[in-house]
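Protein sequences appear in the order of chains A and B. First residue of the first sequence: 0, per numbering that gives the first Met the number 0; consecutive thereafter. First residue of the second sequence: 0, per numbering that gives the first Met the number 0; consecutive thereafter. Beta carbons: idealized from backbone N, C-alpha and C, even for Gly.
Protein chains: 2
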Amino acid sequence: MTIYDVAKRAGVSIATVSKVINNTGNMRESTKQRVKKAMEELNYHPNVMASALMGKGTKTLGLLVPDISNPFFSEIAKVIEDRAHEKGYNVIICSTDENAEKEKKNVELLQSKLVDGFIVGSTYSDKSIVQNLTEAGVPVVMLTQDDPAIDVSQVFVDDFKGGYEATIHHLQNGHHRIAIISEQMALSSVKRTEGYLQALKTYGIRPSEEYLVKTRGTIANGIKAFDRLFRLPEPPTAIFACNDQLAIGVMLGAQEKGIKIPDQLSLVGFDDTILARATYPRLTTVAQPIAEMGKTVVDLLIDEIRLGHSKKERILYNPRLIIRETTDRAKVENI
Amino acid sequence: MTIYDVAKRAGVSIATVSKVINNTGNMRESTKQRVKKAMEELNYHPNVMASALMGKGTKTLGLLVPDISNPFFSEIAKVIEDRAHEKGYNVIICSTDENAEKEKKNVELLQSKLVDGFIVGSTYSDKSIVQNLTEAGVPVVMLTQDDPAIDVSQVFVDDFKGGYEATIHHLQNGHHRIAIISEQMALSSVKRTEGYLQALKTYGIRPSEEYLVKTRGTIANGIKAFDRLFRLPEPPTAIFACNDQLAIGVMLGAQEKGIKIPDQLSLVGFDDTILARATYPRLTTVAQPIAEMGKTVVDLLIDEIRLGHSKKERILYNPRLIIRETTDRAKVENI
DNA sequence: TTGTACGCGTTATCAG
DNA sequence: CTGATAACGCGTACAA
């Protein structure tokens with residue numbers, strides 16, 4: 000099933016077949032039809048790898064995410080795929096976890112010829128991956144990460160603001176003992192933590208080291224974080240979880256301990272994944288505009304691929320606090 | 000950063016470099032060290048594509064799923080990745096949607112040189128994709144699909160039994176008007192429907208065409224299906240949704256209409272994704288052993304890659320009905 | 001140790 | 001208008 004087979008069947012040379020495929024050069028209509036017929040009969044499809052070898056694009060985008068089982072990433076992956084398909088591109092997803100170097104080097108090197116560009120949504124502390132890629136001239140757009148030090152297009156929400164508003168919401172409800180559970184590996188989480196700190200400051204509250212727990216952003220870790228927080232002599236009355244999974248973990252942990260949300264504990268999440276609407280009570284959370292972000296990041300990347308150079312746009316979206324049922328005016332007794 | 004660069008820097012030929020990389024042939028220890036040093040200095044990594052071109056494996060697995068935003072698939076994708084990593088393999092995920100032919104042909108052809116094997120979890124009606132792959136000698140294992148007509152290893156749950164037990168559960172609770180919402184594209188859904196029908200039969204209940212809705216397995220479609228079912232002159236008192244997403248959709252739809260679950264409507268899902276534990280009330284659902292299935296499918300595929308041929312095992316897992324809070328002994332008035 | 005033909009399936013360039 | 005053939009990129013493998 001190569002052009003040789005087609006050529007043989009059509010009784011022409013491979014050059015002619017190639018021309019038919021690429022619609023280049025002129026030839027007798029009858030020849031063209033003969034070739035086309037042969038292609039159909041043999042169910043021939045051009046080998047993408049060989050084209051890639053010749054420097055042609057593969058019409059494929061690479062998407063790097065830290066954890067595909069996190070609904071935020073699987074939802075945005077879906078949006079990205081849909082948009083890419085609309086524009087005639089395929090996407091392959093690599094869930095890089097946080098195995099740092101090795102995995103990712105592998106992944107990206109492996110891809111660098113196979114995909115026309117990358118959407119990097121992973122949460123590296125190590126930025127060399129992106130840097131290597133751009134130096135090698137591979138189009139890259141970063142998603143979810145705001146790092147001014149890296150010279151590529153970026154699409155992200157204002158994490159600081161999101162963290163700030165989540166915390167202010169708790170404060171306005173009368174809470175003072177507000178804990179934060181953040182993702183240790185994520186740049187976005189440090190921004191969200193800064194927002195949290197800033198909000199505390201405007202209310203004149205000294206942050207407590209004990210109320211700041213860093214972990215990986217899974218449900219299991221959310222449960223653990225909750226347990227740790229509630230073994231404190233003075234447990235928090237409100238928690239800001241830096242993603243919805245963590246928040247679900249808190250809810251599950253609280254449920255087990257018989258602690259009522261929002262009566263005894265207020266909770267805000269981040270992302271507004273399907274999880275936030277499926278829980279009971281429904282989760283108050285900071286929404287990221289997943290649909291727009293996914294669409295934008297694809298458009299940006301494809302532009303860059305076509306243009307041949309990066310526009311280095313940094314597109315900042317506004318997070319939006321969605322108040323549902325896990326937060327309520329507090330009935331705080333002490334102070 | 001090719002072997003040529005390394006060779007130049009080390010002052011040897013590329014042949015020597017190649018030998019060092021592959022640990023073949025003999026050479027002076029000092030030469031070997033010189034080459035190794037050069038490789039490190041240049042941060043050289045063998046180009047996987049070139050090796051692939053030469054017929055070497057890429058230590059990469061391809062995973063095809065119909066919809067990555069479905070937690071069942073994103074959760075199993077995660078398990079598959081973890082297991083693959085343990086064994087030194089990477090995995091790239093393609094969410095093929097149901098765009099049938101075009102997309103998938105593209106995807107798989109694109110991969111056929113790039114990955115050492117495939118895990119196919121998609122829900123084709125068109126089995127030619129898998130067939131082509133196996134004919135081309137590419138290792139393939141099917142996940143989630145039981146199709147005796149296809150001659151490859153398969154890992155799946157007993158969908159018939161799952162559907163049967165879900166329905167029996169409803170029947171035992173006194174329900175007679177039981178609807179089913181199935182995924183139109185999924186082979187597994189037809190099995191589950193058969194189980195549903197069989198259960199009805201053992202209770203001597205004639206299935207009603209109106210209670211059988213087929214749709215795509217998303218939350219949005221779950222809501223729609225619910226709406227349709229509840230506009231019926233005689234709405235069902237129980238629903239079996241063929242996946243958790245559909246079930247969530249039903250819950251959301253019911254909530255909107257003010258219909259109480261389980262008081263006014265009993266609900267069983269399928270998959271036991273995180274969704275089932277996060278909702279309120281928590282979802283009664285038929286669990287698939289996601290962790291084992293993911294692990295098994297990877298082991299099977301890697302075996303096949305190493306062996307060079309398929310063992311054509313068909314591994315059947317038992318589904319397990321997990322009774323939570325969306326089903327309750329019915330308070331059915333009529334009949 | 002080294003030189004170098006070879007492999008993959010195209011595309012592209014010239015002759016004919 | 002069509003065909004022969006040289007790239008393309010990067011290793012592998014075998015003869016020298």
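- Listed along the chain, the chain B residues whose CB falls inside 7 Å of the CB of Glu233/A amount to none; the nearest CB is some 29 Å away.
- Across the set Gly116/A, Val5/A, Gln263/A and Leu63/A, the C-alpha of Gly116/A shows the shortest separation from the C-alpha of Lys55/A.
- Secondary structure of Ala135/A (DSSP, three-state): coil.
- Excluding the 5 residues flanking it on each side, Val140/A has same chain C-beta neighbours closer than 6 Å at Ile118, Ser152, Val296, Leu299 and Leu300, in chain order.
- With respect to the C-alpha of Gly161/B, the residue from Gln197/B, Glu134/B, Gln183/B and Val137/B having the closest C-alpha is Gln197/B.
- With at least 16 other beta carbons inside 10 angstroms of its own, Asn89/B counts as buried.
- For Ala275/A against Leu266/A, the beta-carbon gap comes to about 11 Å, at or over 8 Å, which does not count as contact.
- Inclusion of Ile222/B and Gly248/B in the CB contact set at 7 Å is warranted, their separation being smaller than that value.
- Within the same chain, Cβ atoms closer than 6 Å to the Cβ of Met38/B are found at Val5, the five residues on either side in sequence being excluded.
- Counting the other Cβ atoms within 10 Å of the Cβ of Leu306/A gives fewer than 16, which makes it exposed.
- Residue-level contact check: Leu274/B touches chain A, since one or more beta carbons of chain A fall below 7 Å from its beta carbon.
- Taking 8 Å as the upper bound for CB-CB distance, Ala237/A and Ile177/A are in contact here, some 5 Å apart.
- For Gly161/A, the enclosing alpha helix (DSSP H) covers residues Asp158 to Gln171.
- Contact residues of the stretch 279–293 of chain B toward chain A are Tyr279 (C-beta to C-beta distance below 7 Å).
- Within 8 Å of the CB of Lys77/A, the CB atoms of chain B belong to Asp66, Ile67, Ser68 and Ser94, in sequence order along the chain.
- Between the beta-carbon of Glu193/B and that of Phe239/B there is about 12 Å, and that puts the pair past the 8 Å contact cut.
- Distances from the CA of Phe269/A to each of Ala165/A, Arg230/A and Leu251/A were compared; the closest alpha carbon is that of Ala165/A.
- Cys93/A has Leu63/A as its beta-bridge partners, per DSSP.
- Annotation note: the stretch 254–289 of chain A contains the following uninterrupted beta strand (DSSP E) runs of length 3 or greater, listed N- to C-terminal: 265–270 and 283–286.
- Under the Cβ distance rule, Ser73/B counts among the residues neighbouring chain A, one pair being separated by less than 7 Å.
- Rounded to whole angstroms, the Cβ separation of Thr325/A and Pro234/A is 16 Å, and the two are not in contact under 8 Å.
- For Glu80/A, a Cβ of chain B is located within less than 7 Å of the residue's own Cβ.
- Membership of Gly116/A in the beta strand (DSSP E) is indicated by the continuous run Gly116 to Val119.
- Each residue's CA atom was taken as its position, placing Arg205/A and Arg230/A some 21 Å apart.
- Here Asp243/B really is in contact with Phe71/B; their C-beta atoms are around 7 Å apart, less than 8 Å.
- The C-alpha of Gln32/B is placed about 13 Å away from the C-alpha of Arg8/B.
- Taking Ile314/A as reference, the option from Asp145/A, Lys200/A, Arg323/A and Glu182/A with the minimal CA-CA separation is Asp145/A.
- With 16 or more other Cβ atoms inside 10 Å of its own Cβ, Met292/B counts as buried.
- Taking 7 Å as the threshold, the shortest C-beta distance from Ile91/A to chain B falls below it.
- For Glu182/A, the enclosing beta strand (DSSP E) has its first and last residue at Ile177 to Glu182.
- Out of Leu199/A, Leu132/A, Leu264/A and Leu41/A, the CA that lies nearest to the CA of Leu228/A is found in Leu264/A.
- Chain order gives the chain B residues near Ala277/A as Ile247, Leu274, Ala277 and Thr278, where near means a beta carbon separation below 7 Å.
- In the DSSP assignment, Thr15/A falls within the alpha helix (DSSP H) that extends over Ile13 to Asn21.
- Within chain B, no residue has its CB atom less than 7 Å from the CB of Leu299/A, the nearest being about 21 Å off.
- Scanning chain A for C-beta atoms nearer than 7 Å to the C-beta of Ile222/B yields nothing, as the closest lies near 11 Å away.
- Contact of Ile218/B with chain A by beta-carbon distance below 8 Å involves Ile273.
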